[in-house]
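**Student:**
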Amino acid sequence: MVTRLPRRMQDPAFPGFGLSNLIDDLFRDVDRIGFEGSAAFGRTDVYEKDQTLTYETELPGMRKADIEVKIEEERLVISGELKRDESIDHEDYFRMGRRYGRFQRSYPIPLEQLDTSKIKAQFEDGILRVSIPMKESIAQRRKPLEVKIE
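Just remember that the working numbering sits 8 ahead of the position in the sequence shown, which is counted from 1.
#1: Smallest Cα separation from Lys143: which of Leu90, Glu56, Ile86 and Arg92?
#2: If I measure Cβ to Cβ from Arg137 and keep anything under 6 Å in the same chain, skipping five residues before and after, which residues do I get?
#3: What is the DSSP secondary structure of Asp74, counted as helix, strand or coil?
#4: Rounded to the nearest angstrom, what separates Arg51 and Phe111 at their Cα positions?
#5: Can you tell me which residues form a DSSP beta bridge with Lys128?
#6: Return helix, strand or coil for Leu119, following the three-state DSSP convention.
#7: Assign Gly134 to one of two classes, buried (16 or more other C-beta atoms within 10 Å of its C-beta) or exposed (fewer than that).
#8: In the DSSP assignment, find the beta strand (DSSP E) that holds Arg106 and state where it starts and stops.
Laid out in C-alpha coordinates, this is it:
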(Lines of atoms letter the chains of each structure in order from A and count residues from 1; the text may use other names and numbers.)
(Lines give C-alpha, C1' and ligand atoms only; values in the text may rest on other atoms or scores of the structure.)
Protein backbone atom coordinates (compact mmCIF):
# COMPACT_ATOMS: atom_id res chain seq x y z
CA MET A 1 0.00 0.00 0.00
CA VAL A 2 1.36 3.41 -1.03
CA THR A 3 0.84 6.35 1.32
CA ARG A 4 0.53 9.70 -0.41
CA LEU A 5 0.94 13.21 0.91
CA PRO A 6 -2.16 15.41 0.87
CA ARG A 7 -2.52 17.00 -2.60
CA ARG A 8 -1.77 20.53 -1.35
CA MET A 9 1.65 19.34 -0.08
CA GLN A 10 2.55 17.69 -3.43
CA ASP A 11 2.04 20.82 -5.52
CA PRO A 12 5.36 22.71 -5.97
CA ALA A 13 3.46 26.01 -6.36
CA PHE A 14 2.43 25.79 -2.70
CA PRO A 15 5.58 25.14 -0.63
CA GLY A 16 5.56 24.19 3.03
CA PHE A 17 2.08 23.86 4.44
CA GLY A 18 0.17 25.13 1.42
CA LEU A 19 -1.66 28.20 0.23
CA SER A 20 -2.12 29.69 3.71
CA ASN A 21 1.68 29.96 4.12
CA LEU A 22 1.97 31.63 0.73
CA ILE A 23 -0.68 34.20 1.67
CA ASP A 24 0.91 34.77 5.10
CA ASP A 25 4.26 35.43 3.42
CA LEU A 26 2.65 37.87 1.00
CA PHE A 27 1.08 39.89 3.82
CA ARG A 28 4.29 39.75 5.84
CA ASP A 29 6.04 41.37 2.84
CA VAL A 30 3.28 43.97 2.52
CA ASP A 31 3.76 44.91 6.20
CA ARG A 32 7.51 45.34 5.61
CA ILE A 33 6.97 47.93 2.88
CA GLY A 34 4.67 50.01 5.04
CA PHE A 35 1.09 49.24 4.04
CA GLU A 36 -1.62 48.65 6.63
CA GLY A 37 -2.06 44.89 6.51
CA SER A 38 -3.77 44.26 9.85
CA ALA A 39 -7.35 45.30 9.09
CA ALA A 40 -8.71 42.40 11.15
CA PHE A 41 -6.98 43.70 14.27
CA GLY A 42 -8.99 46.23 16.23
CA ARG A 43 -12.49 45.38 15.05
CA THR A 44 -14.87 47.90 16.58
CA ASP A 45 -18.56 48.21 17.47
CA VAL A 46 -19.95 51.74 17.81
CA TYR A 47 -23.28 52.35 19.51
CA GLU A 48 -25.26 54.90 21.50
CA LYS A 49 -26.96 53.97 24.75
CA ASP A 50 -28.24 56.22 27.54
CA GLN A 51 -26.96 59.29 25.69
CA THR A 52 -23.40 57.92 25.62
CA LEU A 53 -21.48 57.14 22.44
CA THR A 54 -19.46 53.95 22.97
CA TYR A 55 -16.66 52.40 20.92
CA GLU A 56 -15.81 48.78 21.80
CA THR A 57 -12.61 47.57 20.15
CA GLU A 58 -11.20 44.01 20.19
CA LEU A 59 -7.52 44.05 21.10
CA PRO A 60 -6.68 40.43 21.95
CA GLY A 61 -3.32 39.83 23.56
CA MET A 62 -2.71 43.54 24.20
CA ARG A 63 -1.59 45.09 27.48
CA LYS A 64 -3.13 48.33 28.70
CA ALA A 65 0.32 49.96 28.73
CA ASP A 66 0.69 49.35 24.97
CA ILE A 67 -2.56 51.12 23.97
CA GLU A 68 -3.02 54.83 23.31
CA VAL A 69 -6.38 56.63 22.96
CA LYS A 70 -6.65 60.25 21.85
CA ILE A 71 -8.89 62.75 20.10
CA GLU A 72 -7.31 64.41 17.05
CA GLU A 73 -9.39 66.99 15.20
CA GLU A 74 -12.77 65.26 14.81
CA ARG A 75 -11.52 61.70 15.15
CA LEU A 76 -11.10 59.16 17.93
CA VAL A 77 -7.70 57.53 17.38
CA ILE A 78 -6.83 54.17 18.95
CA SER A 79 -3.28 52.96 18.43
CA GLY A 80 -0.69 50.71 19.97
CA GLU A 81 1.70 47.87 19.43
CA LEU A 82 1.32 44.15 19.96
CA LYS A 83 4.72 42.64 20.61
CA ARG A 84 5.74 39.10 19.74
CA ASP A 85 7.46 36.88 22.30
CA GLU A 86 11.10 37.54 21.36
CA SER A 87 12.32 34.48 23.29
CA ILE A 88 11.17 32.30 20.36
CA ASP A 89 13.24 32.62 17.19
CA HIS A 90 11.45 33.32 13.93
CA GLU A 91 12.95 30.16 12.44
CA ASP A 92 11.39 28.00 15.20
CA TYR A 93 7.80 28.74 14.10
CA PHE A 94 5.91 26.33 11.86
CA ARG A 95 3.20 28.94 11.32
CA MET A 96 2.69 32.52 12.48
CA GLY A 97 -1.07 33.15 12.28
CA ARG A 98 -1.36 36.02 14.74
CA ARG A 99 -0.63 39.65 13.94
CA TYR A 100 2.13 41.60 15.63
CA GLY A 101 3.34 45.15 15.30
CA ARG A 102 1.91 48.64 15.34
CA PHE A 103 -1.71 49.37 14.53
CA GLN A 104 -3.91 52.45 14.37
CA ARG A 105 -7.64 52.84 13.92
CA SER A 106 -9.51 56.13 13.71
CA TYR A 107 -13.21 56.89 13.82
CA PRO A 108 -15.07 60.11 13.08
CA ILE A 109 -16.76 61.68 16.09
CA PRO A 110 -19.31 64.53 16.22
CA LEU A 111 -17.30 66.81 18.55
CA GLU A 112 -19.99 69.49 18.78
CA GLN A 113 -22.42 66.93 20.24
CA LEU A 114 -20.03 65.36 22.76
CA ASP A 115 -18.89 66.27 26.26
CA THR A 116 -15.19 65.50 25.72
CA SER A 117 -14.26 66.49 29.28
CA LYS A 118 -15.93 63.28 30.52
CA ILE A 119 -14.41 60.68 28.17
CA LYS A 120 -13.71 57.33 29.85
CA ALA A 121 -11.65 54.42 28.57
CA GLN A 122 -11.61 50.95 30.13
CA PHE A 123 -9.63 47.89 29.04
CA GLU A 124 -10.75 44.48 30.23
CA ASP A 125 -10.56 40.95 28.78
CA GLY A 126 -9.09 42.17 25.48
CA ILE A 127 -11.84 44.76 24.88
CA LEU A 128 -11.15 48.49 24.93
CA ARG A 129 -14.32 50.44 25.72
CA VAL A 130 -14.25 54.20 25.10
CA SER A 131 -17.37 56.02 26.33
CA ILE A 132 -18.15 59.64 25.49
CA PRO A 133 -21.21 61.35 27.03
CA MET A 134 -23.33 63.24 24.52
CA LYS A 135 -24.96 66.65 24.90
CA GLU A 136 -27.89 65.37 22.85
CA SER A 137 -28.78 61.97 21.46
CA ILE A 138 -27.90 61.28 17.84
CA ALA A 139 -30.58 58.58 17.63
CA GLN A 140 -33.33 60.89 18.93
CA ARG A 141 -32.21 63.75 16.72
CA ARG A 142 -32.08 61.64 13.59
CA LYS A 143 -35.41 61.68 11.79
CA PRO A 144 -36.10 60.01 8.47
CA LEU A 145 -36.28 62.35 5.50
CA GLU A 146 -39.14 61.45 3.25
CA VAL A 147 -38.53 61.92 -0.46
CA LYS A 148 -41.53 62.36 -2.74
CA ILE A 149 -41.51 60.00 -5.69
CA GLU A 150 -42.58 61.68 -8.92
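Each residue gets a CB set at the ideal place from its N, CA and C atoms; glycine is no exception. Please read all numbers here as calculations on a predicted model, not as lab measurements.
**Tutor:** Put simply:
#1: Looking at Leu90, Glu56, Ile86 and Arg92, the one whose alpha-carbon comes closest to that of Lys143 is Glu56.
#2: Cβ within range, chain order: Glu64 and Gln130.
#3: It is helical.
#4: Going by the C-alpha atoms only, they are around 12 Å apart.
#5: Within the DSSP bridge table, the entry for Lys128 names Ser139 as partners.
#6: DSSP places Leu119 in helix when its eight states are reduced to three.
#7: Only exposed fits Gly134, as fewer than 16 other CB atoms lie within 10 angstroms of its CB.
#8: Per DSSP, Arg106 belongs to no beta strand (DSSP E) and is neither H nor E.
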